[in-house]
Structures are given as C-alpha cells and as structure tokens.
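Student: Residue numbers (this note's numbering): 1 to 182. Backbone N, C-alpha and C define an ideal beta-carbon position, used for all residues, glycine too. Okay, here's the structure, questions in a sec.
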C-alpha cells in the first residue's frame, strides 16, 4: 500500500475540488485516501496515475457489470489521474444533475463508440443488466428491438443522445440506479 507525498490535501485544493464537482469534502477526502493507497509510496497524488485495472477493483466498481465501460469513458488511455476519479465520482453522485448522468450513461452504453446507441449496444446493456439465464438471445434481441421501436424517434435504427435522453426521462429508476457511493 502506498501513501501520497503529503498525506493531507491542501485546504485550497480541497475547496477547489468541491467547487468543481458535485462531491462533498468528505467524499473527496475518501477518494483521496483510496487513490493514495494505490499510489507508489512517496509520490505526489497530482502526478500519479492509476490503471483501469486498479480502479476497477475498488468496491464501488468491482461488481458493477459496466465497470470496463465506466473505466473506458472516464479514464485517459486506460489511466486515471486523481481528477479523472473525481470526475467519475462526481457524475455518479446523487447531487449530479440528470442531464450529466444521461450524457455519461449514453457514452457508457455506446459499446462500439460510434456516437449512437444501436440494437447491438442495447443487447449488450440488457445482457449485462440481467441474469443471462433468464432470457434467451432471441428474447434479448426482441427486447432491444422493442426499446428501439419506442425510443427511436427518427426511425434510423439507433438512438442519438437526444433520443436516449428523451427515453430516459420516462424511466423513473434511471437516476436512482446511476450512482456510485464513495
């Protein structure tokens, strides 16, 4: 277990992070402690990076079926700076606004990174969201197709961010499920 160079974050930095995120001081300090525990001993946290593999073992992500996508969306080339972690935690905070959560959910669910959520992306979301033993591949395809029929307003067989946001506003559980606690 490592420890950051100066074990306590400067008050000015803490206040700045709080202004720039949806996080409380306590959450920022817990993230700082977790980040520093994975850093090489004696290094300055502002200069360090963690790998996606390191971050994906954190309790907040370890059992999340989308952890690889979350890491891809929030990391820089597979590495996380402290500020990358704060950005991720901020988006998943209860205090983050719905539009930000939707934008990042869209990025996470866009498995092929083409700027749309298509039928294949939706099938991936469904497979990861449910117990695979409960639905056949045909049922998964049918469910994905049904979602597209309901949400694809321009009938191009894929969801744009606007269409995705429109569909998510009809889902009362979305905000409740799109959060992680740090």
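Measuring CB atoms only, is the segment 95 to 105 touching the segment 163 to 177, in the sense that at least three cross pairs come out at less than 8 angstroms?
Tutor: Using a C-beta cut-off of 8 angstroms, the segment 95 to 105 makes contact with the segment 163 to 177, since at least three inter-stretch Cβ pairs fall below that distance.
Student: With distance defined between alpha-carbon atoms, name the residue in 66, 138 and 143 nearest to residue 177.
Tutor: 66
Student: What residue does the alpha helix (DSSP H) around residue 139 start on, and which one ends it?
Tutor: From DSSP, the alpha helix (DSSP H) with residue 139 extends over 137 to 151.
Student: If contacts are defined as beta-carbon pairs under 8 angstroms, then residue 27 and residue 174 qualify, I think. What distance do you get, rounded to the angstrom?
Tutor: With a contact defined as Cβ atoms closer than 8 angstroms, residue 27 and residue 174 miss out at about 22 angstroms.
Student: Can you list, in chain order, the stretches of the beta strand (DSSP E) that have 3 or more residues and sit fully within the segment 7 to 55?
Tutor: For the segment 7 to 55, not one full-length beta strand (DSSP E) segment reaches 3 residues or more.
Student: Whole angstroms are fine: how far does the CA of residue 121 sit from the CA of residue 46?
Tutor: One alpha carbon belongs to residue 46, the other to residue 121, and they sit about 35 angstroms apart.
Student: Between which two residues does the alpha helix (DSSP H) holding residue 72 run?
Tutor: 67 to 74
Student: For residue 16, count neighbouring C-beta atoms within 10 Å of its own C-beta (all shown protein chains included) and say buried if the count is 16 or more, exposed if not.
Tutor: exposed
Student: Per DSSP, which one or two residues make a beta bridge with residue 186?
Tutor: Lying before the first or after the last residue shown, residue 186 is absent from the chain, which here runs from 1 to 182.
Student: Residue 91 lies in the alpha helix (DSSP H); which residues open and close that run?
Tutor: 82 to 91
Student: Quick test of your reading: residue 23 and residue 99, contact by CB under 8 angstroms. State the CB separation rounded to the nearest angstrom.
Tutor: Going by Cβ atoms, the distance from residue 23 to residue 99 rounds to 18 angstroms, so no, they are not a contact pair.
Student: Just to confirm the assignment, what range does the alpha helix (DSSP H) spanning residue 106 have?
Tutor: 98 to 109
Student: Can you tell me which of 142, 136, 161 and 14 puts its alpha carbon nearest to the alpha carbon of residue 116?
Tutor: 161
Student: Quick one: using the 10 Å Cβ neighbour count with 16 as the cut-off for buried, is residue 41 buried or exposed?
Tutor: exposed
Student: When you compare only the Cα positions, how much space is there between residue 137 and residue 110?
Tutor: 20 angstroms
Student: Would you kindly check if the distance between the Cβ of residue 84 and the Cβ of residue 240 is under 8 angstroms?
Tutor: Absent from the structure is residue 240, since the part of the chain shown begins at 1 and ends at 182.
Student: Given a threshold of 16 other Cβ atoms within 10 Å of its Cβ, counted over all protein chains shown, does residue 57 qualify as buried or as exposed?
Tutor: exposed
Student: Out of curiosity, what's the CA-to-CA distance linking residue 68 and residue 52?
Tutor: 8 angstroms
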